[in-house]
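According to numbering that gives the first Met the number 0, the stretch in the sequence shown is residues 0 to 122, in order.
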Amino acid sequence: MIAASSFSSQLRLTPIESADEESLQSIGSDPAVFKFIPEIPTPFDAGTWIRSVLDNGENYIRHAIRLASTNEVIGYVQISRRLDMHIQLGYWLGSKFWGKRFGRQAASMALGPVFKVKKGKWT
């Protein structure tokens with residue numbers, strides 16, 4: 000796992016920890032958040048989910064997405080290896096943060112240690 004934190008003017012990515020449970024439970028209680036993510040069971044149980052994420056050695060990046068201005072947890076991003084050996088990037092955000100380009104920004108930040116991103120293009 001990559002344990003480093005990542006920062007931008009709007010967001011911070013920090014390694015997920017059990018202390019994030021209450022915030023993630025609040026976000027995950029909205030059924031719209033996981034509507035298109037069938038791998039995450041609903042109703043969402045943040046404690047069980049966090050333990051499974053932390054116990055999975057194939058999750059290389061598993062970070063809370065936070066607003067830089069307030070440190071509020073607004074979602075989650077991960078890079079993991081699937082059973083078919085493909086690498087997968089996934090993220091989810093609280094619905095009130097949709098449409099603000101936070102998902103794209105968090106994905107770019109998570110991929111930063113893997114790829115260099117220059118002016119929005121992968122190199």
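Note that beta-carbon positions come from the ideal geometry of N, C-alpha and C, so glycine has one too.
- With three or more CB-CB distances shorter than 8 Å, the segment 87 to 99 counts as touching the segment 23 to 36.
- With a beta-carbon spacing of about 25 Å, Ser7 and Ala45 fall beyond the 8 Å limit used to define contacts.
- Annotation: the continuous alpha helix (DSSP H) that includes Leu110 extends over Phe101 to Leu110.
- With a contact defined as Cβ atoms closer than 8 Å, Ile78 and Ala105 miss out at about 11 Å.
- By the 16-neighbour rule on beta-carbons within 10 angstroms, His62 is buried.
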